[in-house]
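Undergrad: Quick note, the sequences are listed as chains U and W, same order. End of the first sequence sits at 445 in this note's numbering; the numbers just go up one at a time, nothing left out. End of the second sequence sits at 264 in this note's numbering; the numbers just go up one at a time, nothing left out. Idealized CB from N, CA, C, for every residue including glycine. Since the model is a prediction, treat every value here as computed from it, not as a measurement. This is the structure I want to talk about, given as C-alpha cells.
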Amino acid sequence: MTDHVYGFDTLCLHSGQIPDSDTGSRAVPIYQTTSYVFDTPEEAASLFNLQTFGNVYTRLSNPTVAVLEERVAALENGRAAVAVGSGMAAQMIALLNICEAGDEIVAAKTLYGGTHTQLNVNFRKLGINTIFVDSDDPENFARAITSKTKVLYAETLGNPSLNILDIEAVSKIANQAGLPLFIDNTFASPYLCRPFEWGAAISIHSATKFLGGHGTTMGGVVVESGKFPWDNGNFSTMTQPSPGYHGVRFYETFGDFGFTMKCRMEGLRTFGPTLSPFNAFLLLQGVETLPLRMDRHCSNALAVAKHLEAHDKVAWVNYPGLKSSQSYELGQKYLPKGAGAVLTFGIKGGAAAGKKFIESVQFLSHLANIGDAKSLVIHPASTTHRQLSEQEQIDCGVPPDLIRLSVGLETLEDILWDIDQALSQT
Amino acid sequence: MVWSIKNMSDIATLQRVLSSSKTIAVVGLSADWYRPSYFAAKYMQEHGYKVIPVNPKYQEILGEKCYPDLASIPCKVDIVDVFRKSEDALPIAKEAVAIGAKHLWLQIGVINEEASELAKKSGLTVVMNRCVKIEYARLFGGLHWFGVNTRIITARKQIPKP
C-alpha cells in the first residue's frame, strides 16, 4: 500500500494543519503567545534538550508559524522549513548556518540589490567573502570554487535582470564539488519552479512576495530538500557537537531535517529574526490561492510584455516568456507554466522618459515591492539599487532607463490602458 | 549518507506498527544523554512504551535493566529497534526472528536489504532508514511543530495517541 500523492492545489490549502483536537477550528488558529507552559520540570528539561518535540518559546517555534513552515516545505516537495521575519533574514539564517569567518560564497552577480549588499558588505565584515560571477555561464561557478567555498547562491530569476539560472547545470557543478546550491526562489514561487527537482539543496523565499501575495506582510522561509549529504566532510558544523546548543550533532540527531533544526536552534535562537504568528496567519491566507494568482500573474504579464514589445514608444522589453528574451529557452525548461509576474522595459528617451512614465500612471502603484495582487512599478536605478555604483548597477542588470513592472491581477484591459496613457505622456 | 523519501513505509503501516506495540527492545542504546539513541528511547518511554535496552556495555539505562543481546530478554518484544552499523543488522534480524518479535525497525542510516528480506520472510513488518521517535511524532503529534513536511493531509481532528 502506498500513500496517496496530493496535488499542488490541495497542498496549498491543507498541508501543515491538523484541526486542533479541542476546538476543531477549521481556520488556522493564531497562537499569539510568547511562551508555553510545561507539565513538569522533567518535561521542561526534555524540551530544552530537544529530546521531545514541543514548544518552549515563540522565538524558536510557534504552532501558527509551524503551519506555514510545513506548508511551504510541502509546496517545495522538501523535507522541512523554517520561517523568519523577512526574506533577507531567511537568506542570512540559511547562509550563516554553514558559513563562518574565512569561508567563501560563490554567488550570481545579478542578485537583488539588498542581497548583493548583505553578501558584499555585511558578510564581508564577518569575514565571509563572496565571489560574484556571471551566472549565465554555469561554468563560471565552477571556476570560482576554492577550498574555502561553502555554498553556491543564485536566484531562479535574477532581480531585476530576469535572467533564468540553469539550475540543473549549476547543481551538478555544486554537487560535484560537494557543495550545496541555495536558490532564492521568490520570483518563481514553488508553483512555477521547484528547485529541488533540479538538484538544489536549499530553497529560500521572501514570503512577502507571491506566497503572501497581497502586499500586507513581511516574512521569509528557508526550505531544506533533505537530500544533501552534510556528512561529506565539508560541513563540520553540521556533524560535530554544536557549541551553541549543548553539544547536539544536528545531522546525526535530526538527519534529513538537521539543517532546518540547526537554523532554528542556533540561528533563530541567537539572532532572533522571528516571524510573528499573526503574520504567519496572513501569509497562509495568501498561500491558499497561490496557484490561481500565479496563473493570472503570468497570463497578464505575458500580455503586457507583448503589448509593450509592439509599442512604438518602447525601446526594449525583457520578459523570459517572450521569444525575444535571452532566457526564453531556459524559461521553457524551468518555468513551463509561465515566466512570472515581473518584466522590465525601457522607454525611448531613457531615464527621463522613464521618470515621466512613473509620474503619469493612474493605478499602477509606484513602490518598492513585487508580488502584490496589485500592479506595481518602480525605477530600480534610483530606488532598490540606489546603494550600488552605476557600474555595479549595470553589472547586475540595471541600466539607467530600466523600469520594472510587477503585473497584478487587475482587468488586463485596464492595465494596458494605464500603461498606454502614461506612455503617451512621455 | 543520503535519506530517501522513496523508501518510506506508508502511513497506514507505520500507524499499525506503532499502535499495535507496547514493548521496544533498543539494540545499541547508549547511556549518554546526548546520543540519538538515548533521545529516541527516552521519548518513546515518555510516550508510554516499555523500553528494553540491549547493549553488553551497560547494566541499566533509563531505569530499565539492560540485556547483552535479544535472546536474553525474558519477556515478549514487539519492536526490535536497531541503532547499529548497517553491516551489523543481519545477525540482529535473525535474533529478532528467533525471539518472535513482531516488527524490525532499522534506524536512520541503518540500511540492510538482506536483513530486511530475512525479517519480512518470517512475517515481521520492516521499517528501514527511519527514526522511531520521528515517525511517532509525525503520526501522533509533535513533529509538525518543527516545520517538517509530515505529508499528513486531514480535515479530522488530531489522531488519538496509541
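1) Counting only Cβ pairs nearer than 7 Å, list the residues of chain U close to residue 205 of chain W.
2) Given this structure, state the Cα-to-Cα distance separating residue 135 of chain U from residue 128 of chain U, to the nearest angstrom.
3) Please report whether the beta-carbon of residue 28 of chain U lies at a distance below 9 Å from any beta-carbon of chain W.
4) Between residue 222 of chain W and chain U, is there a C-beta pair that is closer than 9 Å?
5) Along the stretch 169-197 of chain W, where does the CB come closer than 9 Å to a CB of chain U? Name the residues.
6) Let me check understanding here. Comparing Cα to Cα, which of U:348, U:360, U:226 and U:406 lies closest to residue 88 of chain U?
7) Would you tell me roughly how many angstroms separate the C-alpha atoms of residue 174 of chain W and residue 274 of chain U, rounded to the nearest one?
8) Can you tell me which of the three DSSP states residue 38 of chain U falls into?
9) What would DSSP say about residue 244 of chain U, mapped onto helix, strand or coil?
10) Taking the continuous beta strand (DSSP E) assigned at residue 156 of chain W, which residues delimit it?
11) Helix, strand or coil, according to DSSP, for residue 228 of chain W in the structure here?
12) Smallest Cα separation from residue 354 of chain U: which of U:183, U:102, U:147 and U:190?
13) Residue 55 of chain U to residue 64 of chain U, Cα distance in whole Å?
14) Tell me the rounded alpha-carbon separation between residue 388 of chain U and residue 318 of chain U.
15) As a quick exercise: from U:303, U:330 and U:381, pick the residue whose alpha carbon is nearest that of residue 46 of chain U.
16) Using the Cα positions of residue 104 of chain W and residue 403 of chain U, report the straight-line distance between them to the nearest angstrom.
17) How big is the Cα-Cα spacing for residue 57 of chain U and residue 66 of chain U?
18) Per DSSP, which residues does residue 167 of chain W bridge with? Please list them.
19) Please go through the same chain and pick out, in chain order, the residues whose beta-carbon is closer than 6 Å to the beta-carbon of residue 181 of chain W, but skip the five residues on each side of it.
20) Could you tell me which chain U residues have their CB closer than 8 Å to the CB of residue 151 of chain W, listed as they occur along the chain?
21) Beta carbons nearer than 9 Å to chain W: which residues of the stretch 259-274 of chain U have them?
22) Starting from residue 350 of chain U, trace the alpha helix (DSSP H) both ways and give me its first and last residue.
23) Going by other Cβ atoms of all chains shown within 10 Å of its Cβ, with 16 needed for buried, is residue 21 of chain U buried or exposed?
24) Residue 316 of chain U by DSSP, collapsed to three states: which one?
25) Can you grab the Cα-Cα spacing for the pair residue 372 of chain U / residue 366 of chain U, in whole Å?
26) Could you tell me the distance, in whole angstroms, from the CA atom of residue 158 of chain W to the CA atom of residue 185 of chain U?
27) Name the chain W residues whose beta carbon is nearer than 9 Å to that of residue 39 of chain U?
28) Does DSSP put residue 29 of chain U in a helix, a strand or coil?
29) Mapping the DSSP letters down to three states, classify residue 417 of chain U as helix, strand or coil.
30) Does the contact criterion of 3 or more C-beta pairs under 8 Å hold for the stretch 132-152 of chain W versus the stretch 222-230 of chain W?
31) Determine the contact status of residue 243 of chain W and residue 102 of chain U, defining contact as a CB-CB distance below 9 Å.
32) For chain U, check one thing: does any of its Cβ atoms lie closer than 9 Å to the Cβ of residue 256 of chain W?
33) Which residues of chain U have a Cβ atom closer than 7 Å to the Cβ of residue 127 of chain W, listed in chain order?
34) Runs of 4 residues minimum, wholly inside the stretch 188-213 of chain U: which ones carry the alpha helix (DSSP H) assignment?
35) Using a Cβ cut-off of 7 Å, pull out every chain W residue sitting near residue 88 of chain U, in sequence order please.
36) Just mark residue 398 of chain U as buried or exposed, buried being the case when its beta carbon has 16 or more other beta carbons within 10 Å.
TA: Checking against the coordinates, here is how it stands:
1) By Cβ distance, chain U contributes nothing, its closest Cβ being about 16 Å from residue 205 of chain W, past 7 Å.
2) Residue 135 of chain U and residue 128 of chain U: Cα-Cα distance of roughly 8 Å.
3) Output row for residue 28 of chain U: interface = no.
4) Closer than 9 Å: no.
5) Residues passing the 9 Å Cβ filter: none.
6) Ranking U:348, U:360, U:226 and U:406 by Cα distance to residue 88 of chain U puts U:226 first.
7) When rounded, the distance between both Cα atoms is 31 Å.
8) When DSSP states are grouped into helix, strand and coil, residue 38 of chain U belongs to the coil group.
9) Coil.
10) Counted as a single uninterrupted DSSP element, the beta strand (DSSP E) harbouring residue 156 of chain W occupies residues 152-156.
11) Strand.
12) With distances taken between Cα atoms, residue 354 of chain U lies closest to U:183.
13) Distance between the alpha carbons of residue 55 of chain U and residue 64 of chain U is about 14 Å.
14) Spanning the two alpha carbons is a distance of roughly 20 Å.
15) Checked all of U:303, U:330 and U:381; the closest Cα to residue 46 of chain U is U:303.
16) Confidence in residue 104 of chain W is poor, its pLDDT being 44 and thus under 50, which makes the residue's placement unreliable; the coordinate value appears in the next sentence. Each residue's alpha carbon lies about 40 Å from the other.
17) Approximately 9 Å, taken between the alpha carbons.
18) The partner list for residue 167 of chain W (beta bridge, DSSP) reads W:162.
19) Once the five neighbours on either side are set aside, the close Cβ partners of residue 181 of chain W are 123, 126, 205 and 207.
20) For residue 151 of chain W, there are no neighbours in chain U by C-beta distance under 8 Å, as the nearest C-beta there is about 14 Å away.
21) Flagged, chain order: 260, 265, 266, 267, 268, 270, 271, 272, 273 and 274.
22) Looking at the DSSP string, the run of the alpha helix (DSSP H) that includes residue 350 of chain U is 347-353.
23) Exposed: under 16 other Cβ atoms inside 10 Å.
24) Residue 316 of chain U: helix per DSSP, three-state reduction.
25) A straight-line Cα-Cα distance of about 6 Å links residue 372 of chain U and residue 366 of chain U.
26) Answer to the nearest angstrom: the Cα atoms are 53 Å apart.
27) Under the 9 Å cutoff, chain W gives 259 and 260.
28) Collapsing the DSSP output to three states places residue 29 of chain U in a helix.
29) Here residue 417 of chain U sits in coil by DSSP.
30) No contact exists between the stretch 132-152 of chain W and the stretch 222-230 of chain W.
31) At the C-beta level, residue 243 of chain W and residue 102 of chain U stay beyond 9 Å of one another.
32) In terms of beta-carbon proximity, residue 256 of chain W lines the interface with chain U, with at least one pair separated by less than 9 Å.
33) Near residue 127 of chain W there are no residues of chain U at all, since even the closest Cβ is about 20 Å away, more than 7 Å.
34) Qualifying alpha helix (DSSP H) stretches, in chain order: 208-211.
35) Under the 7 Å cutoff, chain W gives 249.
36) It is buried - the Cβ of residue 398 of chain U has at least 16 other Cβ atoms within 10 Å.
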